[in-house]
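Each remark here refers to the structure printed beneath this line.
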Amino acid sequence: MTTVKTIEKIDAREIRRKLGLNQQQFWSTLGVTQSGGSRYESGRNMPKPVRELLRLVHVEQIDIKSIKREDWDVVEYLKSQEPELFKSLKKSARSRTKKAA
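Sequential numbering of the sequence shown, starting at 1, is according to the UniProt record's numbering.
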């Protein structure tokens, strides 16, 4: 049996346009230069860390400046050691966010 690794396609140009940002504004929040972002928008393969940052910042609208290493450590611990608790907390957080909107 072979395992096929799927690469999540993210259309960065489309996301950027929907947000009404120029390349400099869009890519600088991810620590990517405008020229590097332009290459990704033109079809160059985007590394997974950049793709994940793009998803977190521009799709999920998470302010990455507010995330602390200890917060990330707690999330990783819950995911691996307490998956049911993690799912429950995630569900509660989502319902809370929906109520606030």
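Ideal Cβ positions, reconstructed from N, Cα and C, are used throughout, including at glycine. Source: prediction; values computed, not measured.
- The alpha helix (DSSP H) runs lying completely inside the stretch 2-69 and spanning 4 residues or more are 12-19, 23-28, 34-41 and 48-54, given in chain order.
- Our two residues, L89 and S80, have alpha carbons roughly 14 Å apart in a direct line.
- CA-CA distance, V50 to R96, rounds to 29 Å.
- Closest by C-alpha distance to Q23, out of L54, E76 and Q61, is L54.
- S35 and L21 have their alpha carbons spaced roughly 15 Å apart.
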